[in-house]
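Student: Residue numbers (the working numbering): 151 to 421.
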């Protein structure tokens, strides 16, 4: 269901990840995403999965929310797994019929890819779960501040990125409301073939577009009324400072990356 999409939401808490500097969280998140893609066997991927599980524990975010963040990509996971199972050849053949065959390498590749995507979604979701939109904007602005030399409006860019993340849950609620309204009027959105369902979504997208433009206008009007001028001369109530916990987390992440490189070297490559 649409309501199960939790990406972009913030979960209030006082855990280790909540108290970390948002700049460090951004850097480490992108760094660990890169680390996920340099995993080439199940041993290195298992190390990455253990790190993701430990991050969830230290974040204090309920496992239910983490599972909800994975649910929307289940279709992608299934599609990816099927493609890898039937189109990757190599190793022992488990099943063969006509031009379709299931091999050992295909099964291993499908399982590896599915686990990789799940870990990627979990790591990415923890950033928005443990960081407020305001702090995320400030962190992006600080990290991109060297671009000011090239006259890039860093604050505007950071604000746009953060607002896009912030309005994901809002748009999801709006889609749910419109769908319920259409169903109450007798609209059939769930039965029929793919083409029929696609046509049934047209009465949803049009009100959604109208609502999105209205919300954008209201937001812009509210910012104008409050004399919002962007980053020029803007001060911050909360100052970002690096603490010992940030450097300890950095050291742990570097150790995980080093472990992944070592495991990739000593064990057989899957992908």
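Every residue, glycine too, gets a C-beta built ideally from N, C-alpha and C.
Taking 8 Å as the cut-off, decide whether the C-beta atoms of residue 167 and residue 276 are in contact.
Tutor: In the chain shown, the residue the question calls residue 167 occupies position 17. In the chain shown, the residue the question calls residue 276 occupies position 126. Yes, the Cβ-Cβ distance between residue 167 and residue 276 is below 8 Å.
Student: Can you tell me where the alpha helix (DSSP H) with residue 254 in it begins and where it stops?
Tutor: As a position in the chain shown, residue 254 is number 104, starting the count at 1. 254-279 is the extent of the alpha helix (DSSP H) around residue 254.
Student: Flag residue 376 as yes if its beta-carbon sits less than 8 Å from any beta-carbon of chain D, otherwise no.
Tutor: No chain D is present in this structure, which holds just one protein chain.
Student: Give the straight-line distance between the Cα atoms of residue 174 and residue 252, rounded to the nearest whole angstrom.
Tutor: The sequence position of residue 174 within the chain shown is 24, counting from 1. The sequence position of residue 252 within the chain shown is 102, counting from 1. The straight-line gap from Cα to Cα measures roughly 44 Å.
Student: Spell out the partners DSSP gives residue 246 in its beta bridges.
Tutor: Translated into the one-based positions of the chain shown, residue 246 becomes position 96. The partner list for residue 246 (beta bridge, DSSP) reads 251.
Student: What is the residue span of the alpha helix (DSSP H) that residue 175 lies within?
Tutor: If you number the chain shown from 1, residue 175 lands on position 25. Run containing residue 175: 172-187, per the alpha helix (DSSP H) assignment.
Student: In chain order, what residues of the same chain lie with their CB nearer than 8 Å to the CB of residue 397, ignoring the 5 residues before and after it?
Tutor: For the purposes of this step, residue 397 is taken as the residue at position 247 of the chain shown. Nothing meets the Cβ criterion.
Student: Looking at the structure shown, is residue 332 part of a helix, part of a strand, or coil, going by DSSP?
Tutor: Taking the first residue of the chain shown as 1, we reach residue 332 at position 182. Looking at residue 332 - three-state DSSP - the assignment turns out to be helix.
Student: What did DSSP end up calling residue 409 once you bin it into helix, strand or coil?
Tutor: Residue 409 sits at position 259 when you count from the first residue of the chain shown. Helix, per DSSP.
Student: According to DSSP, simplified to helix, strand and coil, what is residue 375?
Tutor: Position 225 of the chain shown, counted from the start, is the residue given in the question as residue 375. Helix.
Student: Rounded to whole angstroms, what is the Cα-Cα separation between residue 408 and residue 188?
Tutor: The sequence position of residue 408 within the chain shown is 258, counting from 1. The sequence position of residue 188 within the chain shown is 38, counting from 1. Their Cα atoms are separated by approximately 11 Å.
Student: For the pair the stretch 403-419 and the stretch 192-199, tell me if three or more CB-CB distances fall below 8 Å.
Tutor: yes
Student: Is residue 363 buried or exposed, if buried means 16 or more other CB atoms sit within 10 Å of its CB?
Tutor: As a working mapping, residue 363 is identified with position 213 in the chain shown. Its Cβ having fewer than 16 others within 10 Å, residue 363 is exposed.
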